[in-house]
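Okay, so here's the structure we're looking at.
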Amino acid sequence: MSENTAPVPEVDVESTPLLKVRGLTTAFKSSGAMTNIIEGIDFNLYPHETLAIVGESGCGKSVTSLSIMRLIQSPGKIVGGSVELEGTDLLQLSEEEMRGVRGNKVSMIFQEPMTSLNPVFTVGSQVMESFQIHQHLSKPEAREKTIEMLRLVGIPAPETVFKEYPHELSGGLRQRVMIAMALACRPRVLIADEPTTALDVTIQAQILRLLRELMDETGTATILITHDLGVVAQIATYVMVMYAGQAVEYGSVRQIIEDPLHPYTLGLLQCLPRLHEKTDRLFTIPGAVPSPDSYPAGCRFCPRCNRACERCRDERPPLMELPDGRRVRCWLYADAEGAVDVSTAAPKGGESA
Amino acid sequence: MFKYVVKRFLQMLVMLFALSVIVFLMVRLIPGDPVTMMLGQGAGKEAIAAERARLGLDYPLPQQYVMWLTNVFHGDFGTSITTHKPVLTEIVRRYPLTIIIAVGSTALSAVVGIAFGIISSVYHGKLADNILMFVSLFAVSTPSFFLAILLLIIFSVTLKWFPSGGASSWVGLVLPIITLGMQEVGYITRITRSAMLDVLGEDYIRTSRARGVAEHVVICVHALKNAIIPVLTSIGLRFGSLLAGATLVETVFSLAGIGRLTVDAVAGRDYPLIQGCVLILAATFVIVNTVVDVLYTVADPRIEFDS
Amino acid sequence: MKEIVQRFCRKRMSVVAGVMLILIIAACAFAPLYVHVDPLKQNLFNTYARPSAEHLLGTDNLGRDILVRLLYGGRSSLAISFSGVLSGTAVGVILGVIAGYFGGIADTLISRLIDVLLAFPGLLLAIVVVAILGSGESNTVVAIAIFSIPTVARMVRGEVLKIRSADYIAVCKVMGESSARVIVRHVIPNAISQIIVNVTLQLGTAILTTSALSFLGLGVQPPAPEWGAMLSSARDVLRSYPLPAVVPGIAITLVVVCFSLVGDGLRDALDPRLKNA
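Chains as they are written, first to last, in my numbering: chain A, 116 to 468; chain B, 8 to 314; chain C, 193 to 469.
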C-alpha cells in the first residue's frame, strides 16, 4: 500500500489532508476464522470539509468510524492500513498515546443520545471530564469552560443543566450535550455517527445547523456517518458510498447527488422521498446487505443490482478512478476513457472548495 | 419518593405482624399441652399454673395473641426453660457475636466478590474469567460447615495459626468470618460479573472511551458506578441469610452466637427461647431488606417517582 | 426434543456433571444390591483403619466402613432431597397455578403466604419446621418441601399470569374449554421447562439444607448414615483423623456442583432466551 505517496500533483490541492486513511481493513473473528468487515478503505479529509459516509446499515460505516478511533472491541481487530492524522499514523500509537488523541484531536458523536450519556453522572461532570483529561484544568476552570461550552451549543440555562442527570433532559438537549462533549477540546476531526437519526425532524434540522455553524467557526473537519442522503446534501462536501464493507463510489457531493454512477448510489437516491414529485410508492432496493461470511464471488452488489451482467457475477470489480477525480467500483465504468484502477493506490484529493 | 418510602415501611409493618402471628402459633401448633411442652415434663404444678396464667391460655386465641404481643413489646419474651433466665437476656448476650460475624463476612465478601466480578467481566470468556467462575461455583456449592472443617484442619490443627474455637479475642473470629464470607464471595462474584457485563456493553461506555478516558477509570468509575447499585442491593438482601447461615459456622467453631442458641433451643425443646430467637432473626431480616430496598431506590438517580 | 438434547450436549461441563450425577445417584440408590456390609456394623478392634483393599476408604471412630456409610449416607441425603423437593414443587405448582389462574382473594392469600415463608432467611425456615415437628428423617423431608415451595409457587404464578394473557388461552376459553382443561393442556406444558430447571437447581440447595440440618443434629439422627450427620460425628476426631470428615464433605460439594451445572445446562437447553441470566 502506497500510503507515503505525496498528494498527486495534477490535482491542485489547497492544503495537505488533515486525515489520510489508506487501506483500512478491520476483521472480526467468527468461529475461528477472521472475516473482513471493512476492506481497503481510502480517503482524505481536508480542514473545513465534511466527508459523508453513506450506505445502508450493515455496510461497515460505523466500523469504519470506530476503526479510525481504534475503538473496535474484541472479537474485532484492525488488520491493515493506516490512519494518518497530521502525519502521525494513529494505528501505530500506543494505547496510552491513542487515549490522548481520543476526545482531544479526534472526537465522536454517537447515534443514540438517550443511551450514550452515562446515567449515573451529572451532565456537567461528564463534559468537564474532557477538559480535565486533555487540558489538565482544575475543577473550577473546567467547570467554567464546560458551562461556556454548553452555552455555545445552544443549551438554555447551562448552569442548571450542568447539575442535571441525563434522564432529566430531552433527546435534543442530550445530543447538544454530546456535541458539547465532543467539541470541548476543539478537535481537528469530528466523527458524527448518525447524529440526528434518533431525533425528531425539527430537532434534526436544529442539530444539523448547529453542527455546521460550529464547524465553520472552529475549522473542525467532519466525518458524517449517515444513511440519510437528505442530510448529506445539506452539509457534506465529499461523499463516500459504502456497500458490504467496501467503498463503491467516492466523489464530491454534487457529483454524487446529481450524477450518481454506481447502481447502488442510484438506488439509494431513488429511495429518497421527494416533496414535489408524485409517486405512488417509495422505491426500495430489493434484498438486503449480505453478511460478511456470505459475500458473492463477483461484485458484492450483483445479486441486488438491476444492471448486473455476466462479468459482475464472476469477477470482483476494481475501484476505478475517472478523469474527473471520482471513483467507482463497478464494471460498467471499467472501460470508460481515462479510468485508472486505484484499488491499491491513494485517492486524489479532488478540488477543494 | 416520600410516598414510596412510607408505603414500603407500611408493608414492612404488615410483614412483621404476620411473622409475629406465625411465631405465636408455632408453639400452639405442637401437638400436646403447650405449657407442659414449654416448661418441660419435670415442671411443678405451681409453675405450670403460673405459666398458664401468664400466657392466658384459658382465653380465646386472639386474646392470647394480644397478651403475648404486649409482653413482647415490653421486652418480655418469657423465660428460658433450660437456663431459667429471661429469653431477652439470652438473646442480648448472644446476638452481637453473630452480627459481628455476619457484618465481617459481608464486608470481606463484598470487597473480594466485587473485585473478582470486575476482573471476570473485564476478561470475559478468557482464562481468568473461567477460573473465577469455577472458583465461585465451588464457593457456593461447598457447605459452610465442611469449609469450616477444612479451614480448621489446615489452619488450626496443622499450621496452628488460629484457635480452633471460641471467641476470646478477634483472632478466633478470623476463620468463621472467612468461612461464611467464602460462600458469599461466590454469589457476589457472579452478580457483579453479570451486572458489569451488562454495563460494559452500553453505549455510554463507548462514549467514555471515545473521550480518551483511561481504561481503568472507564471500568472502575464509569462502569462500576452503574453496576454497583444492584450489586450492593443484593449484598444487603443476603445479609439476613448470612445471620441464619452463621448457625453452622458457630457450631463448628464453638461460638456462642444466636444461631447456636437457636439450634440448642430447638434440640432442647426450649420453646420460649425458640420463639424469641426466630422472631428476632426473621424481624432483622425483614427490616434490613426494607432498608436496603429503600436505599436502593434513593441511591439510583435513574428511578423516578412520578406515580 | 432432539434439539434440546443437542443444545444441552453443547455444554460440555454440564454433560460431564450430568453423567457424574447419574453415576453417583445409581451407586447410592442400588447400594443395598451390591454392598453386603452393614453400614451400622461396628468393629471396635479396627477403628481409624487406613484405606485398604478391605476398606477402600478406611474405617471411622467406631470401625465402620466409611465407603459403605458414604453410599448409604448418599442414599439417605438424596432420598430426602428428592422427596422434599418433588413434593414441595408439587404443592408450589398447585399454589402457583391457583394464584395465577384464579387471581382475586386466592392470589392475595397465596402471595402473602409466599412472602411470609420468604421472610425466614435461608436455613431458619427449615429450623422452624423442625422446631415444630421435631427432628427425624420424615420431618426433614417436610422441612425441605416447605423450603422449596415459595420459589416454585412464585415462578409458576408469574408464568401462569404471562400465559393467561396470551391470545390462545382466550381462544380456548371462548371455545368453551373448562378451566381445569385449559390449565392441564396449556399452562403446565408451557411452564414445565422452567419447573424442571428449578427442580434441578433446588435439589442442590436441598442437599445442602438436609446435610446442614443433620450436621446441626436436627435432621437425620445418628447412628443412621447421612452425609451431614457423618461430618458431624467425625468432627470430634478431627485432630487425630480427618478422613471421615473430609470424605462426606467432598461428596456433598461434588453433588451440589453437579446439580448446579446440570441446572445451568438445562436452562440454556430448554430456554435459550434465558441465556446469561
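Just so it is clear, CB atoms sit at the ideal spot from N, CA and C, and this is done for glycine as well. In this text, all values refer to a predicted model and were calculated from it rather than measured experimentally.
Beta-ladder partner(s) of residue i, from DSSP
i        : result
A:Glu436 : A:Arg442, A:Val455
A:Met355 : A:Ile168, A:Tyr365
A:Leu339 : A:Ala167, A:Ala307
C:Asp257 : C:Thr251
A:Phe246 : None, per the DSSP bridge assignment.
C:Thr397 : C:Thr397 pairs with nothing; no bridge assigned.
Neighbourhood of residue i by C-beta distance below 7 angstroms, restricted to the same chain and skipping five residues each side
i        : result
B:Val30  : Gln282, Val285, Leu286
A:Thr341 : Ala167, Val169, Glu309, Val347
C:Ile196 : Ala461, Leu462
B:Gly6   : This structure cannot settle anything about residue 6 of chain B, because the visible part of chain B is limited to 8 through 314.
C:Ser303 : Ala291
C:Ala426 : Asp252, Pro436, Ala437
C:Ser206 : Phe200, Leu453, Val454, Asp456, Gly457
Spatial distance of residue i from residue j (CA atoms)
i        : j        : result
B:Val94  : C:Gly409 : 22 angstroms
C:Val348 : C:Leu309 : 16 angstroms
C:Ala362 : B:Phe84  : 54 angstroms
A:Pro432 : A:Asp408 : 19 angstroms
A:His282 : A:Asp456 : 51 angstroms
B:Leu231 : B:Met203 : 7 angstroms
C:Gln324 : C:Val366 : In the sequence on display, residue 324 of chain C carries Ile and not Gln. Near 48 angstroms, if we compare the C-alpha coordinates of C:Val366 and C:Ile324.
A:Leu186 : B:Ile121 : 26 angstroms
B:Tyr211 : A:Leu325 : 22 angstroms
C:Gly288 : B:Val73  : 32 angstroms
A:Glu332 : A:Leu298 : 11 angstroms
A:Gly239 : A:Phe277 : 4 angstroms
A:Met223 : A:Asn151 : 23 angstroms
A:His251 : B:Leu250 : 49 angstroms
B:Thr86  : B:Leu76  : 15 angstroms
A:Leu160 : A:Leu133 : 6 angstroms
B:Gly252 : A:Ile183 : 54 angstroms
C:Val389 : A:Arg217 : 47 angstroms
B:Asp136 : B:Met19  : 39 angstroms
C:Ala345 : C:Ala282 : 9 angstroms
B:Met22  : C:Gly276 : 27 angstroms
B:Gly82  : B:Arg61  : 14 angstroms
B:Ile265 : C:Val260 : 36 angstroms
C:Asn382 : A:Thr335 : 58 angstroms
A:Cys386 : A:Met355 : 17 angstroms
C:Tyr226 : C:Cys220 : 10 angstroms
A:Gly287 : A:Ile318 : 6 angstroms
A:Leu314 : A:Phe225 : 12 angstroms
B:Val293 : B:Pro237 : 18 angstroms
C:Pro417 : C:Gly295 : 45 angstroms
is_contact[residue i, chain B] using C-beta, thresh 8 angstroms
i        : result
A:Asn233 : yes
C:Lys467 : Its pLDDT being 45, under 50, C:Lys467 is placed unreliably by the model, and the measurement read from it follows with that caveat. Chain B contact via Cβ: absent.
C:Gly409 : yes
A:Asn151 : no
C:Gly396 : yes
A:Gly215 : yes
C:Ser330 : no
A:Ile270 : no
A:Thr230 : yes
8 angstroms Cβ cutoff, residue i in contact with chain C
i        : result
B:Met33  : yes
B:Phe153 : yes
B:Ser314 : Annotation note: pLDDT 37 at B:Ser314 (below 50); position unreliable, coordinate value reported separately. Taking Cβ atoms only, chain C never reaches closer than 8 angstroms to B:Ser314, which makes this a no.
B:Ile160 : yes
Neighbourhood of residue i by C-beta distance below 8 angstroms, restricted to the same chain and skipping five residues each side
i        : result
A:Tyr448 : Leu376, Met435, Leu437, Ala454
Minimum Cβ-Cβ distance from residue i to chain A less than 8 angstroms
i        : result
B:Ala263 : no
Own chain residues within Cβ distance below 6 angstroms of residue i, not counting five before or after
i        : result
B:Thr269 : Cys284
C:Lys203 : Gly457
A:Leu205 : Val198
8 angstroms Cβ cut-off: residues of chain D touching residue i
i       : result
B:Met22 : Judged by its chain identifiers, the structure shown contains no chain D, and its protein chains are A, B and C.
**OP:** Tell me the start and end of each unbroken alpha helix (DSSP H) in the region 164-214 of chain B that is at least 4 residues and wholly inside, in chain order.
**Re:** 178-207
Original post:
Counting only runs that start and end within the region 90-165 of chain B, where is the alpha helix (DSSP H) found for 4 or more residues in a row?
Top reply: 94-129, 134-148, 151-158
**OP:** Return the chain-ordered ranges of every beta strand (DSSP E) run that is complete within the region 309-335 of chain A and spans a minimum of 3 residues.
**Re:** If we require 3 residues or more, the region 309-335 of chain A turns out to have no beta strand (DSSP E) run fully inside it.
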